[in-house]
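**Q**
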Amino acid sequence: MRYRADVRDIIYRYDGSFAGFLCCVFESYTRKEIPSEIVTPETEQPMLFEMRNISTEKEKARRVAVGLKRLGASVEDRVRVGFLSCAEEKDLVLLRFIRLCFAQGGQTAQMLGHTQVADAFALERTVNNEICRMIELLRFEEKDGMLGAQIHPQNRVLPMLQAHFCSRLPDEDFLIYDATHKEALFRQNGQVQYMRMERYEHAEGADELAWQGLWKRFFKALTIEERRNEKLQTQHVPLRYRQDMPEMRKDILQP
52 MRYRADVRDI IYRYDGSFAG FLCCVFESYT RKEIPSEIVT PETEQPMLFE MRNISTEKEK
112 ARRVAVGLKR LGASVEDRVR VGFLSCAEEK DLVLLRFIRL CFAQGGQTAQ MLGHTQVADA
172 FALERTVNNE ICRMIELLRF EEKDGMLGAQ IHPQNRVLPM LQAHFCSRLP DEDFLIYDAT
232 HKEALFRQNG QVQYMRMERY EHAEGADELA WQGLWKRFFK ALTIEERRNE KLQTQHVPLR
292 YRQDMPEMRK DILQP
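Structure representation (structure tokens):
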């Protein structure tokens, strides 16, 4: 087996970007070691082991990215999607997965009986499941001449939502605010950017509130009280999504 490496009592610290993570992979190969932990400024806590700062260098990140692409879409997509997870130790899980795939080939991604492969697959599946839920349950409102929406995801799903909504709404300007991570996806005049944002104010225009009230009334009219199943409804629409859905919010008056 190629690319043997020892687990070291050392911690990698990087800037939290995907390019920075790829540089951690590069460092791991250069030093022939696997760190005991990988942290970012957001997750860092007092540690007992030696800390090594990994700088983000474009060329190093590019070389690792090219290697991932050669392994095939299954490996590359699993790493890119899994990186959006906010699970603990996701960076170390993905680093171990990458090393295994480089050693045994791209087909390794299908070996779900292997612990390192299964762990990486679990990250990808969790993020993809949340993305599907967000696409189904995200609600836009008209605000300040554009479309706006607020979400409370567990993972950083905005990059994956970008492709979907830019395709579905090619002529619309819109903003999607991730209230969990205080980030926003902003699209205007065909240009997309990400920004830090502290809060999102819901639309207060009379026309928009009237449409939301009408939608809530329609939603209620479809309800058959005798067949109401709160447990089943919660399975389809978990409680954490409802604060961002007009039909579920209690502050929207019905006309």
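Position in the sequence shown (from 1) plus 51 gives the number in my numbering.
All C-beta atoms, glycine included, are put in the ideal place defined by N, C-alpha and C.
Here the structure is a predicted model, which is why all the values come from computation and not from measurement.
(1) DSSP puts Glu101 in a beta bridge; with which residues?
(2) Quick one: give me the first and last residue of the alpha helix (DSSP H) that Ile186 is part of.
(3) Using the three-state DSSP reduction, which class does Tyr80 fall into: helix, strand or coil?
(4) Please go through the same chain and pick out, in chain order, the residues whose beta-carbon is closer than 8 Å to the beta-carbon of Ser218, but skip the five residues on each side of it.
(5) Taking only runs of the alpha helix (DSSP H) that begin and end inside the segment 129-156, which ones reach a length of at least 4 residues, in chain order?
(6) Which word fits Phe269, buried or exposed, when buried means at least 16 other C-beta atoms lie within 10 angstroms of its C-beta?
(7) In this structure, how does DSSP classify Arg247 when only helix, strand and coil are distinguished?
(8) Indicate whether the contact test is met: 3 or more Cβ pairs, each with one atom in the segment 58-70 and one in the segment 81-94, closer than 8 Å.
(9) Could you compute how far the alpha carbon of Leu174 sits from the alpha carbon of Ala257?
(10) Which of the three DSSP states is assigned to Phe237 in this structure?
(11) What is the DSSP secondary structure of Val90, reduced to helix, strand or coil?
(12) With a 10 Å radius around its C-beta and 16 neighbouring C-beta atoms as the bar for buried, classify Tyr245 as buried or exposed.
(13) Give me the residue from Ile275, Phe77, Asn104 and Arg247 with the minimum Cα distance to Val90.
(14) Would the segment 261-278 and the segment 163-181 be scored as touching if the rule is three or more Cβ pairs under 8 Å?
(15) Is DSSP giving Phe191 helix, strand or coil here?
(16) From the DSSP output, in three-state form, read off Leu209 for me.
(17) Quick one: what does DSSP say Met52 is sitting in, helix, strand or coil?
**A** The short version:
(1) Ile61
(2) Thr166 to Leu188
(3) helix
(4) none
(5) 141-155
(6) exposed
(7) strand
(8) yes
(9) 42 Å
(10) strand
(11) strand
(12) exposed
(13) Asn104
(14) no
(15) coil
(16) helix
(17) Only weak support exists for where Met52 lies, its pLDDT of 43 falling under 50; the coordinates are left without a value.
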